[in-house]
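*Asks:*
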Amino acid sequence: MKILITGAAGFIGATLATRLLGRGDTVFGIDNLNTYYDVSLKQARLERLTAVRGFEFAKLDIVDRMAMQELFATQRFDAVMHLAAQAGVRYSIENPFAYVDANLAGFAHVIEGCRRSKVGHFVYASSSSVYGANVTLPFSENDSVNHPVSLYAATKKANELIAHSYAHLYALPCTGLRFFTVYGPWGRPDMALFKFTRGILAGEPIPVFNRGEMVRDFTYIDDIVEGIARVIDQPAAPDPGWKPETPAPASSRAPYRVYNIGNNQPVKLMRYIEVLEQCLGRKAVLDLLPMQPGDVPATTADVSALAKAVGFAPSTPVETGVARFVKWYRDYYRI
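15 is the number of the first residue of the sequence shown in our numbering; add one for each residue after it.
1. What is the C-beta distance between residue 193 and residue 233, in whole angstroms, given that I count them as a contact (C-beta under 8 Å)?
2. With three or more C-beta pairs closer than 8 Å as the rule, is the stretch 316 to 324 touching the stretch 138 to 156?
3. Which residues in the same chain have their Cβ closer than 6 Å to the Cβ of residue 330, if we skip the five residues on either side of it in sequence?
4. Going by alpha carbons, who is nearest to residue 24 out of 227, 82 and 99?
5. Which of helix, strand or coil does DSSP assign to residue 95?
6. DSSP has residue 315 in a bridge; who is on the other side?
7. How many Å lie between residue 296 and residue 214 at the Cα?
8. Looking only at its chain, what residues have a beta carbon closer than 6 Å to the beta carbon of residue 278, apart from the 5 residues adjacent to it on each side?
9. When DSSP builds the beta bridges, which residues end up paired with residue 301?
10. Exposed or buried, what is residue 257 when buried is set at 16 or more other beta-carbons lying within 10 Å of its beta-carbon?
11. Taking the CB atoms as reference points, tell me whether residue 120 and residue 77 lie closer together than 8 Å.
12. Just the Cα atoms here: how many angstroms apart are residue 231 and residue 61?
13. Note down the Cα distance separating residue 288 from residue 204, rounded to an integer number of angstroms.
14. Since I believe residue 106 is in contact with residue 166 (beta carbons under 8 Å), could you give me their beta-carbon distance rounded to a whole number of angstroms?
15. I'd like to check one pair, residue 299 with residue 218: are the Cβ atoms closer than 8 Å?
16. Relative to the C-alpha of residue 63, which candidate in 253, 80, 292 and 19 has its C-alpha closest?
17. Going by other Cβ atoms of all chains shown within 10 Å of its Cβ, with 16 needed for buried, is residue 88 buried or exposed?
18. Going by C-alpha to C-alpha distance, which of 178, 111, 229 and 286 sits closest to residue 272?
19. Whole angstroms is fine: what's the gap from residue 158's alpha carbon to residue 254's?
20. When burial is assigned at 16 or more other CB atoms within 10 Å of the CB, is residue 82 buried or exposed?
21. Short of 7 Å in beta carbon distance, which residues of its chain neighbour residue 41, apart from the five on each side in sequence? Order them along the chain.
22. Between which two residues does the beta strand (DSSP E) holding residue 275 run?
23. Sort out for me which residues DSSP pairs residue 84 with in a bridge.
24. Helix, strand or coil: how does DSSP classify residue 287 here?
25. If we call anything under 8 Å between Cβ atoms a contact, is residue 223 one with residue 118?
26. Which residue wins for smallest C-alpha separation from residue 245, given the options 259, 270, 284 and 227?
27. Terminal residues of the continuous beta strand (DSSP E) containing residue 69?
28. Which residues bound the beta strand (DSSP E) around residue 42?
29. Between the C-alpha atoms of residue 348 and residue 211, what's the straight-line distance to the nearest angstrom?
30. Have a look at residue 133 and residue 191 and give me their C-alpha separation to the nearest angstrom.
31. Along the chain, where does the beta strand (DSSP E) containing residue 139 start, and where does it finish?
32. Between which two residues does the beta strand (DSSP E) holding residue 192 run?
33. Can you list, in chain order, the residues of its chain with a C-beta nearer than 7 Å to that of residue 59? Leave out the 5 residues immediately preceding and following it.
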């Protein structure tokens, strides 16, 4: 297949491109290479991809409506994996309009391009953050997600609603993937594992929010991209069992699906830090802080629907995943 990946220089995008190229797909990647975090890391990811036959890249911004119209007018894609977005829960409090532009307008530009060019399957990144104020664990795709606690979460919920409207109106197969705390080699420097590793190696205190009383469904990057690849291959279809009298949120009469993609093995944050200390051979200095606005105390994914649909569920334990990250970090930064 010929597959468009938006956000191809990002953590998930670049790893997914490698996976798809490895199985013989052609990948067209776009990214605006913004400065939200170290651009040199994004460029290093791209350098690895451009050395592989079948990869093409264009520096484009999904917020640029005319550029997106031209892309879809001149290229034909069998599937689109939409990963480009303004990331980060806390940053959405500082700079809300970045999320309105990228996660709402940008999303509309991409899905409209898919509609006009008759893309076979539109897959997009949602987030576990949509569960918001929910406290019943594990989170199920059929839970209510009407109480987001950050603007970032609200934009991801909006993406799911927009996707359903396009699936209904235009029969565009749309699948949303709610990612749960992705980590691993080539990760994002603004995320906890990167920050903790940098701080521990520098002998500096690391910020531990909610005084460490957090639980996360840490999901290893290779598991994420394996799940994505399998979902891409299976376009969403109408659910024959869907009933408007009791509408299931995760499916529809339209070709629409939403899946959790998480490890389903919740880990306490302090255990995560303990594993990292063991891998680095150093103890962390903890700066215990209160809960941050927009955060939630615990996340766990019910992944039974994903496993049933594509025959795969993430399973890499944090002991394995963190060790692989530390090896990559030491190699990449020559430590």
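A virtual CB, placed ideally from N, CA and C, is assigned to each residue, including glycine. All figures in this text were calculated on a predicted structure; none of them were measured in a lab.
*Replies:* Answer, in terms of the structure:
1. As a position in the sequence shown, residue 193 is number 179, starting the count at 1. As a position in the sequence shown, residue 233 is number 219, starting the count at 1. That pair is a contact at about 7 Å.
2. Between the stretch 138 to 156 and the stretch 316 to 324, the count of C-beta pairs closer than 8 Å reaches three or more; the two stretches touch.
3. Position 316 of the sequence shown, counted from the first residue, corresponds to residue 330. Taking C-beta separations shorter than 6 Å and ignoring five residues to either side along the sequence, the partners of residue 330 in its chain run 234 and 237, following chain order.
4. Here residue 24 refers to the residue found at position 10 of the sequence shown. With distances taken between Cα atoms, residue 24 lies closest to 99.
5. Against the sequence shown, residue 95 aligns to sequence position 81. Residue 95 falls in the strand class under three-state DSSP.
6. Walking along the sequence shown from the start, residue 315 turns up at place 301. Paired residues: 153.
7. Looking up residue 296 in the sequence shown gives position 282. Looking up residue 214 in the sequence shown gives position 200. Approximately 7 Å, taken between the alpha carbons.
8. Taking the first residue of the sequence shown as 1, we reach residue 278 at position 264. The beta carbon of residue 278 sits closer than 6 Å to the beta carbons of 315 and 317 from its chain, once the five residues preceding and following it are set aside; these are given in chain order.
9. Position 287 of the sequence shown, counted from the start, is the residue given in the question as residue 301. Under DSSP, residue 301 forms a beta bridge with 221.
10. Here the question's residue 257 lines up with position 243 in the sequence shown. Exposed.
11. On the sequence shown, position 106 is the one that residue 120 refers to. On the sequence shown, position 63 is the one that residue 77 refers to. Contact flag set, yes.
12. Here the question's residue 231 lines up with position 217 in the sequence shown. Here the question's residue 61 lines up with position 47 in the sequence shown. Between residue 231 and residue 61, the C-alpha separation is close to 31 Å.
13. Start at 1 with the first residue of the sequence shown, and residue 288 comes out as number 274. Start at 1 with the first residue of the sequence shown, and residue 204 comes out as number 190. Rounded to whole angstroms, residue 288 to residue 204 spans 20 Å at the Cα level.
14. Reading the sequence shown from its first residue, position 152 is the one you call residue 166. Reading the sequence shown from its first residue, position 92 is the one you call residue 106. Contact holds; Cβ gap of about 4 Å.
15. Counted from its first residue, the sequence shown places residue 218 at position 204. Counted from its first residue, the sequence shown places residue 299 at position 285. In contact: residue 218 and residue 299 (Cβ atoms closer than 8 Å).
16. As a first step, residue 63 must be located in the sequence shown, where it is residue number 49. Minimum Cα distance to residue 63 is reached at 19.
17. The sequence position of residue 88 within the sequence shown is 74, counting from 1. Of the other Cβ atoms in all chains shown, fewer than 16 fall within 10 Å of the Cβ of residue 88; this residue is therefore exposed.
18. Along the sequence shown, one-based indexing puts residue 272 at 258. Answer by Cα proximity: 178.
19. In the sequence shown, counting from the first residue as 1, residue 158 sits at position 144. In the sequence shown, counting from the first residue as 1, residue 254 sits at position 240. Spanning the alpha carbons of residue 158 and residue 254 requires a straight line of approximately 21 Å.
20. Within the sequence shown, residue 82 is the residue found at index 68, counting from 1. Buried, by the Cβ-count rule.
21. What you label residue 41 is simply residue 27 of the sequence shown in a count that begins at 1. Counting only Cβ-Cβ distances below 7 Å, and skipping sequence neighbours, we find 17, 19, 31, 34, 35, 68 and 69.
22. Taking the first residue of the sequence shown as position 1, residue 275 is located at position 261. First-last of the beta strand (DSSP E) with residue 275: 270 to 275.
23. Mapped onto the sequence shown, residue 84 falls at position 70. Among the bridge pairs identified by DSSP, residue 84 is matched with none.
24. If you number the sequence shown from 1, residue 287 lands on position 273. Collapsing the DSSP output to three states places residue 287 in a helix.
25. Here residue 223 refers to the residue found at position 209 when the sequence shown is read from its first residue. Here residue 118 refers to the residue found at position 104 when the sequence shown is read from its first residue. Taking 8 Å as the Cβ cut-off, residue 223 and residue 118 do not qualify as a contacting pair.
26. On the sequence shown, residue 245 is found 231 positions in, with the first residue counted as 1. The shortest Cα separation from residue 245 among 259, 270, 284 and 227 belongs to 270.
27. Within the sequence shown, numbered from 1, the residue matching residue 69 stands at position 55. Its beta strand (DSSP E) spans residues 69 to 73.
28. Within the sequence shown, numbered from 1, the residue matching residue 42 stands at position 28. It spans 40 to 45 - the beta strand (DSSP E) in which residue 42 sits, taken as one unbroken run.
29. Here residue 348 refers to the residue found at position 334 when the sequence shown is read from its first residue. Here residue 211 refers to the residue found at position 197 when the sequence shown is read from its first residue. CA-to-CA, the gap between residue 348 and residue 211 works out to about 14 Å.
30. Locating residue 133 in the sequence shown gives position 119, where the first residue counts as 1. Locating residue 191 in the sequence shown gives position 177, where the first residue counts as 1. Approximately 18 Å between the Cα atoms of the pair.
31. Taking the sequence shown and counting its residues from 1, one reaches residue 139 at position 125. 136 to 141 is the span of the beta strand (DSSP E), which, as asked, contains residue 139.
32. On the sequence shown, residue 192 is found 178 positions in, with the first residue counted as 1. Note, residue 192: beta strand (DSSP E), 188 to 193.
33. Translated into positions along the sequence shown, residue 59 becomes position 45. Annotation for residue 59: 23, 28 and 200 place their beta carbon closer than 7 Å to its own, counting only its chain and skipping 5 residues before and after.
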